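Undergrad: This is the structure I want to talk about, given as structure tokens.
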Amino acid sequence: MAFNPDEFFSTITVGDIISKFKHLKTIDFKEVSLNTELIKLNYEVVSKEYTDFEFSDIEQYARFEIDEIV
264 MAFNPDEFFS TITVGDIISK FKHLKTIDFK EVSLNTELIK LNYEVVSKEY
314 TDFEFSDIEQ YARFEIDEIV
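Shown next as structure tokens:
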């Protein structure tokens, strides 16, 4: 059986990690960069549609894709 990298690919969104990092719900992301906060947690936003300071509530960013920094 040949190696298929697609079998190991999974999409993670901001919404998938909100419950893991509850402090993100207390931050106003119109004042603080979401991506900067995620980098501190070893994640980064990869969605092309993402714009810093667009929304204040983390829930509004839930659909954006992120990658884990390893």
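Per the working numbering, numbering through the sequence shown is continuous, rising by one, with the last residue being 333.
Even for Gly, the Cβ is constructed at its ideal location relative to N, Cα and C.
Remember, predicted model here, so these are calculated numbers, not experimental data.
How close, in whole Å, do the beta carbons of Phe327 and Val308 come, if the pair is a contact with beta carbons under 8 Å?
TA: That belief holds up - the Cβ atoms of Phe327 and Val308 are roughly 6 Å apart, short of 8 Å.
Undergrad: For a test of the three-state rule: what should DSSP assign to Glu312, helix, strand or coil?
TA: Of the three classes helix, strand and coil, the one that applies to Glu312 here is coil, per DSSP.
Undergrad: Based on DSSP bridge pairs, tell me the residues matched to Thr276.
TA: Looking at the DSSP assignment, Thr276 forms a beta bridge with Glu328.
Undergrad: According to DSSP, Glu307 sits in a beta bridge with which residue or residues?
TA: Paired residue(s): Asp330.
Undergrad: When you compare the CB positions of Asn305 and Ile332, do they come within less than 8 Å of one another, or not?
TA: Closer than 8 Å, so yes.
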